[in-house]
DNA sequence: TAAATTAATGAACAATCGTTCAAAAGCAAA
DNA sequence: TTTGCTTTTGAACGATTGTTCATTAATTTA
C-alpha cells in the first residue's frame, strides 16, 4: 500500500491522489486503507520520513579519509542513492508544502542534518587548505542542488551509464571547490 | 486575477487551489473568473507560458563577447531573473505534471530552448579550448540545476546580497568548467 | 469444528470541486 | 431617462473528496 501511494503521489502529486485511487491500485476498497494509516497526511509524512531517515543512515557510512576522499564519497553516494529512488526523491522535494506544520518542521530538520554532513566535509577541507571555498553554506547548497538535479533527466538505459554520470559530476564538483 | 492565481498556486499547489479561493482573493465570486479564463488549466498554462516566454526573451539580450564573458552574463542573468520571480519559478518547476499533454509539450519545448542557449555557450567555449568540459549536455543541466537552486534558500534581506550570491556562483561555475 | 480475532466491504456523511447560466447589477452611449 | 452592452452574482449541477462504521468475510486460535 505504501508502495502504491508512493508511486501515485510521485506521479500525480499528493493533492491530486485520492484515497480511492490508492485503494484501487492496491485492489481494495478505500475504507480498508484506514486499517494501516490513520489518515492521508500520515501516509505522506511516513513516506517522507522513511526516505529522509534512510538517507541519513546510509550517508553515515562513508565517513573516513581526507576531505577530498570524503567529498568524492559523498558525491557518488548522493547520486546513486537518489537515482535508485526517483519517486521518493520527487515526493521529498515537491510535497513539502502539503505537510502539516509540525511534520514539515521534522522533515526540514532531517534535511538540514543531511546538508550538515556535506558542509562539515567542506569546512574541514577549507581549514586544511585543500578546498578553496569562500562560503561553505552556499557551496553546500549549490552542490546538493546540482547533484539532485540528476534526477530530473537521468533514466536507466539512457545515453550515459550511472558510472559515467558519477564521474562527470565528481569532475565538476572537484573543480568547483578548487581541488583541481 | 492572474496575480492572485500565481501566488496561490505557488503557495499551495495547483491541485490544492480552488477557483473559489482564487475568486475570494480577487474579491469576486467564482463564476466571474470565467470571463477571463476558459478554465483552470488555461490559467496555469498561461502563467507558465508567460514566464518561459519572458525568460527566453530576456535571455536573448546578453549575447555578445567571448564564451567566458557570455557564460558569466548567463549566470548572472539566470540568478537575477529567477530571484526576481520566485512564484513563477516555483510553478514552472512544480506544476508541470498538472499540464495537459499538449500544454506540457509546449512548455518543455520552451525550456529546452533555454537550455540550448547555455549549451551553445559551453560548446563554443569547448571548441575554442577555453572550457574543459567533456559532455556539454550534462554540464548544461548541472549548471542550471545549481543556479536554480538559489531560489530554494535566497530571500531578500538575508545574510548575503544578491551581488554576493552572483559572485559566489560565478566563481563556482567558472571553476567547474575549467576556466580558472 | 467452534470461538475469537482480524480485515475488508460498501454504503453513507458532509464538504468541496470545476463549471454553467438565468437573473440582477453596473455602466456607457443616445 | 431609456437603450444596449458588459460584468457579476448566486444558485445549481453532477462528480469527487476524506473519513466513518455497521455488517460481512476471512483467518487464526482453541
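Chains as they are written, first to last, in my numbering: chain A, 1 to 180; chain B, 1 to 180. Each residue gets a CB set at the ideal place from its N, CA and C atoms; glycine is no exception.
In terms of Cβ geometry, residue 91 of chain A and residue 147 of chain A do not form a close pair [threshold 7 Å]. The closest CA to that of residue 175 of chain A, considering only A:113, A:71, A:83, is found on A:71. A distance below 7 Å separates the beta carbons of residue 151 of chain A and residue 89 of chain A.
Around the beta-carbon of residue 98 of chain B, 16 or more other beta-carbon atoms lie within 10 Å, marking it buried.
The stretch 45-56 of chain A makes contact with the stretch 105-118 of chain A; the number of CB pairs closer than 8 Å reaches 3 or more.
Every unbroken stretch of the alpha helix (DSSP H) spanning 4 or more residues and falling wholly within the stretch 115-148 of chain A is given here in chain order: 136-148.
For residue 56 of chain B, the enclosing alpha helix (DSSP H) stretches over residues 40-61. Taking 9 Å as the cut-off between beta carbons, the residues of the stretch 148-163 of chain A near chain B are 148, 149, 150, 152, 153, 159, 160, in sequence order. If you check the CB distance, residue 4 of chain B and residue 22 of chain B come in under 7 Å. When only Cα atoms are considered, residue 50 of chain A and residue 62 of chain B end up about 45 Å apart.
Sixteen is the threshold: when 16 or more other Cβ atoms of the shown chains lie within 10 Å of the Cβ of residue 117 of chain B, as they do, the residue is buried. The beta carbons of residue 179 of chain B and residue 131 of chain B sit closer together than 7 Å. Contact check for residue 13 of chain A against residue 126 of chain B fails: the beta carbons are separated by 7 Å or more.
Exposed is the label assigned to residue 101 of chain B, since fewer than 16 other Cβ atoms lie within 10 Å of its Cβ. For the pair residue 145 of chain B and residue 142 of chain A, the CB atoms are not nearer than the 7 Å cut-off.
The beta carbon of residue 121 of chain B sits no closer than 7 Å to any beta carbon of chain A. Residue environment analysis places residue 136 of chain A among the buried positions, since at least 16 neighbouring C-beta atoms fall within 10 angstroms of its C-beta. Looking from the CA of residue 123 of chain B, the closest CA among B:113, B:112, B:140 belongs to B:140. Along the stretch 8-20 of chain B, the positions whose C-beta sits under 7 Å from a C-beta of chain A are 12, 13, 15, 16, read in chain order.
Below the 7 Å Cβ cutoff, chain A contributes 146, 149, 169, 172 as neighbours of residue 142 of chain B, in chain order. Taking C-alpha positions only, residue 36 of chain A is separated from residue 8 of chain A by approximately 17 Å. In summary, the residues of the stretch 91-119 of chain A whose CB is separated from some CB of chain B by less than 8 Å are 94, 97, 98, in the order they occur in the chain. A straight-line Cα-Cα distance of about 9 Å links residue 19 of chain B and residue 39 of chain B.
Contact of residue 57 of chain B with chain A by beta-carbon distance below 7 Å is absent, the smallest such distance being about 24 Å.
The residues 51, in chain order, have a CB closer than 8 Å to that of residue 85 of chain A in the same chain once the five nearest residues on each side in sequence are set aside. With respect to the 7 Å criterion, residue 56 of chain B and residue 93 of chain B are not classified as neighbours on the basis of their beta carbons. Annotation: Cβ neighbours of residue 139 of chain A in chain B (cutoff 9 Å, chain order): 168, 172. For residue 135 of chain B, the nearest beta carbon of chain A is closer than 7 Å to its own beta carbon.
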